[in-house]
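Residue numbers (the numbering used here), protein chains in the order written: chain A, 61 to 167; chain B, 13 to 130.
Structure (structure tokens):
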């Protein structure tokens, strides 16, 4: 199974800050990496697919990058509605696996 | 965003079974696989398996082999997950999601809370 390691597990930042979340795969997954946002009490929403492609309707402040084993999700300017937990997920092979999540709080 | 429509919360005794439904409106059901994930309270996401809505073929995570059955009813565009021999650590939100052409889960159900308690 491919292990997905996400860090940090939580962070606190101010509105307008640049926020970076990292995801590392235990083996190369090329660009089969997706990012999801989950707000409290809600189902996850797809933000980024294919490591760097913005899902339709997602604000452009969300930026995905990386390939192989190392990936990054950047929120260029933190907004109040970005309070959520973010998950990476690999779709290179089954079993599909998710990172442990990064909880983003607003200072 | 159009959500998939899941059945309501369930409370079950240990050892029982539960069946969760997931209706998929607004697109051609048989064009995309449906996957099932679960999330224990305060925990991360765990993939359980998926089903081809085209031919019914399933792939199940090893952890759940022999304990889950995934089916579809193409006449009603509905997918089903049955989980048997429930234990307290099966208490979780269960989600269905559409696996799109981009190799990602682009539509999710609202989640079904299954509580296992004696």
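All residues carry an ideal CB built from backbone N, CA and C; glycine is no exception. This structure is a prediction, so every number in the text was calculated from the model and none was measured.
Consult DSSP for residue i and reduce its assignment to one of helix, strand or coil.
i: residue 100(B); result: helix
i: residue 35(B); result: strand
i: residue 145(A); result: strand
i: residue 94(A); result: strand
i: residue 76(B); result: helix
i: residue 67(A); result: strand
i: residue 80(A); result: strand
i: residue 71(B); result: strand
i: residue 122(A); result: strand
Output the distance between the C-alpha atoms of residue i and residue j, rounded to the nearest integer angstrom.
i: residue 132(B); j: residue 85(A); result: The displayed coordinates of chain B run from 13 to 130. Any statement about residue 132(B) would go beyond what the structure contains.
i: residue 134(A); j: residue 108(A); result: 11 Å
i: residue 166(A); j: residue 76(B); result: 37 Å
i: residue 147(A); j: residue 85(B); result: 31 Å
i: residue 126(A); j: residue 66(A); result: 14 Å
Using C-beta distances below 8 Å, list every residue in its chain close to residue i, excluding the 5 sequence neighbours before and after it, in chain order.
i: residue 73(A); result: 79, 138, 164, 165, 166 and 167
Establish whether the CB of residue i and some CB of chain C are separated by less than 8 Å.
i: residue 69(A); result: Judged by its chain identifiers, the structure shown contains no chain C, and its protein chains are A and B.
TODO: May I ask you to verify whether the region 94-113 of chain B touches the region 24-38 of chain B, counting CB pairs closer than 8 Å and requiring at least 3?
DONE: Segments in contact, yes.
Task: Residues of the region 51-72 of chain B with Cβ closer than 7 Å to any Cβ of chain A, in chain order - done: Correct list: 56, 57, 59 and 71.
TODO: Could you say if the region 69-83 of chain A and the region 98-108 of chain A meet the contact criterion of at least three C-beta pairs nearer than 8 Å?
DONE: They do not touch, by the three-pair rule.
Open item on the list: Three Cβ pairs or more, each shorter than 8 Å: is that satisfied between the region 149-166 of chain A and the region 48-58 of chain B?
Closed with: Because the criterion of three Cβ pairs below 8 Å is met, the region 149-166 of chain A and the region 48-58 of chain B touch.
Task: Residues, ordered as in the chain, of the region 113-127 of chain B that lie near chain A by beta-carbon distance below 7 Å - done: In summary, the residues of the region 113-127 of chain B whose CB is separated from some CB of chain A by less than 7 Å are 114, 115, 116, 117, 118, 120, 121, 122 and 123, in the order they occur in the chain.
Task: chain A contacts from the region 95-115 of chain B (Cβ-Cβ distance under 7 Å) - done: Residues of the region 95-115 of chain B with a C-beta less than 7 Å from any C-beta of chain A: 107, 114 and 115, listed in chain order.
Task: Near-chain B residues of the region 121-148 of chain A (beta-carbon distance less than 8 Å), N- to C-terminal order - done: Among the residues of the region 121-148 of chain A, those with a Cβ less than 8 Å away from any Cβ of chain B are 147, in the order of the chain.
- [ ] Check distances from the C-beta atoms of the region 74-85 of chain A to those of chain B and list, in chain order, the residues that come in under 9 Å.
- [x] Those residues of the region 74-85 of chain A placed with their C-beta closer than 9 Å to a C-beta in chain B do not exist.
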